[in-house]
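Number of protein chains: 2
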Amino acid sequence: MSPIITAFEQSPDRGKGLSRDVRVRWALEETGQPYEVRLLSFSAMKEPAHRKLQPFGQLPTYEEGDLTLFESGAIVLHIAESHAGLLPEDANARARAITWMFAALNTVEAPVLELITARFLESDKPWSKERLPLIQDRIRHRLHQLSAYMGDAEWLDGAFSAGDLLMASVLLRLRLSGILDEFANLAAYAARAEARPAYQRAFAAQLAVFTSHSSTG
Amino acid sequence: MSPIITAFEQSPDRGKGLSRDVRVRWALEETGQPYEVRLLSFSAMKEPAHRKLQPFGQLPTYEEGDLTLFESGAIVLHIAESHAGLLPEDANARARAITWMFAALNTVEAPVLELITARFLESDKPWSKERLPLIQDRIRHRLHQLSAYMGDAEWLDGAFSAGDLLMASVLLRLRLSGILDEFANLAAYAARAEARPAYQRAFAAQLAVFTSHSSTG
Chain A
1 MSPIITAFEQ
11 SPDRGKGLSR
21 DVRVRWALEE
31 TGQPYEVRLL
41 SFSAMKEPAH
51 RKLQPFGQLP
61 TYEEGDLTLF
71 ESGAIVLHIA
81 ESHAGLLPED
91 ANARARAITW
101 MFAALNTVEA
111 PVLELITARF
121 LESDKPWSKE
131 RLPLIQDRIR
141 HRLHQLSAYM
151 GDAEWLDGAF
161 SAGDLLMASV
171 LLRLRLSGIL
181 DEFANLAAYA
191 ARAEARPAYQ
201 RAFAAQLAVF
211 TSHSSTG
Chain B
1 MSPIITAFEQ
11 SPDRGKGLSR
21 DVRVRWALEE
31 TGQPYEVRLL
41 SFSAMKEPAH
51 RKLQPFGQLP
61 TYEEGDLTLF
71 ESGAIVLHIA
81 ESHAGLLPED
91 ANARARAITW
101 MFAALNTVEA
111 PVLELITARF
121 LESDKPWSKE
131 RLPLIQDRIR
141 HRLHQLSAYM
151 GDAEWLDGAF
161 SAGDLLMASV
171 LLRLRLSGIL
181 DEFANLAAYA
191 ARAEARPAYQ
201 RAFAAQLAVF
211 TSHSSTG
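Same order as they appear, the protein sequences are chains A and B. Read in order, the letters of the first sequence are residues 1 to 217 in full-length UniProt numbering. Read in order, the letters of the second sequence are residues 1 to 217 in full-length UniProt numbering.
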């Protein structure tokens, strides 16, 4: 039986592919796993039925028989550990790939989330305009470090891994702001990740949800 | 050969046990692993020798023979996967424990980091005082959800796991602010975690570093 993931019925980014279900779709595509999607409205996410699967009322979740998981990082790791294609065979290389998963979500995405929070929850505050450059500089600080580490490497550590999948997903959130393009090697890295057929299929699948729901809405 | 971790030579929290090396010390203690510590000054953290181990210039790192890891979450997971004591045997329970590791670091710690950033990097800004309650409310929102999920359970999902280790570490960062004590079951949960002999040994080890360096400084 195919696993079931949850995704937004109404994509908050209007099909730009930035919501976290795309990370899970991408991991399933990289490992060649079929999956089903259960779409949730914003109100359904807050209801007890979903809270039983996801105590924080977020997306995505992952159901596979008796197992229910949440947190896109944990789901991607579970998929990567259950199927070949996203983690190296060598134990040390595997541990390093997992290090990059955590680095993507905790060290690089942390200031990106601050930027998103500032835009969505504090854009009406008197400090909004003056504070934005501070957050952008904190993001640039991390990207400088990542850029210096990467040089002209194709992927973070040897072959493409779940670490690259999450890092590229985080970087893609910065493209519209223009910050990603300030770092040529990181912009090229994100574009390489995006060009992968598995990413393209994941992106197309989320876009199809948006398109079908916006035409009737 | 014992693994080597890095820790602050001068504890930024003056031995309160909130820096991330404590999470790694705790995991090593829970699994009964001896370890060595290399202390780093703030300036040494920014130097090329450390950047080769940790591209973002942070702590802790973990060296074990040829393997070098960073990101406390990744290091704790590596320790938990290499030794018994921090992850259940059952595959599904194991995946759920890992879900809680990611939930602790990404969903619960994210607003906690915002609070720390606001205090350390923006305390001199004109918006500092007015903005603080907004961040505190975002933390309360997450703790409400976690508190509702936990009820009077002893640990997050069955036996104590690496998920509890990280979640309790995140919650302990909130004790001084008073926010943790607003949630009686979470305060009791953090206190239970803190009372574990392995935590006590990890805490004492970091405190000894602070004490020995402050008496000579």
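For every residue, glycine included, the Cβ atom is placed at its ideal position computed from N, Cα and C. Here the structure is a predicted model, which means the values were calculated and not measured.
The beta carbons of I98(A) and L77(A) sit about 7 Å from each other, so the pair counts as a contact at 8 Å. Here A195(B) carries a coil assignment [DSSP, helix/strand/coil]. Between A153(A) and L86(A), the C-beta spacing is not below 9 Å. Nearest CB-CB separation between Q33(A) and chain B: not below the 9 Å threshold. Under the Cβ criterion (8 Å, minimum of three pairs), the segment 44-64 of chain A does not count as touching the segment 49-62 of chain B. E30(A) counts as buried, since no fewer than 16 other beta carbons sit within 10 angstroms of its beta carbon. The contact set of N92(B) on chain A, defined by CB atoms closer than 7 Å, consists of D66 and L67 in chain order. I98, T99, W100, M101, F102, A103, L105, N106, T107, V108, E109 and A110: these are the residues of the segment 98-110 of chain A whose beta carbon lies less than 9 Å from some beta carbon of chain B, given in chain order.
Interface criterion not met: the Cβ of A80(B) is under 9 Å from no Cβ in chain A. In the structure shown, E64(B) adopts extended strand secondary structure according to DSSP, grouped into three states.
Rounded to the nearest angstrom, the gap between the Cα atoms of R96(B) and A188(B) is 22 Å. DSSP places I4(A) in the strand class (E or B) of the three-state scheme.
Put simply, of F56(A), D137(A), D90(A) and G17(A) the residue whose alpha carbon is nearest the alpha carbon of G158(A) is D90(A). Boundaries of the alpha helix (DSSP H) harbouring E114(B): E109 to L121, taken from the DSSP string.
Within 9 Å of the CB of Y189(B), no CB atom of chain A is found; the nearest one sits about 14 Å away. In this chain, E130(B) is not harboured by any beta strand (DSSP E); it is covered by the alpha helix (DSSP H) spanning S128 to M150. Beta-bridge annotation (DSSP): E9(A) is not paired with any residue. Beta-bridge pairing by DSSP links R38(B) to T6(B). The beta-carbon distance between V112(A) and I139(A), rounded to whole angstroms, is 6 Å. This is short enough to meet the 8 Å contact definition. Sequence-ordered contacts of the segment 174-199 of chain A with chain B are nonexistent [C-beta pairs closer than 7 Å].
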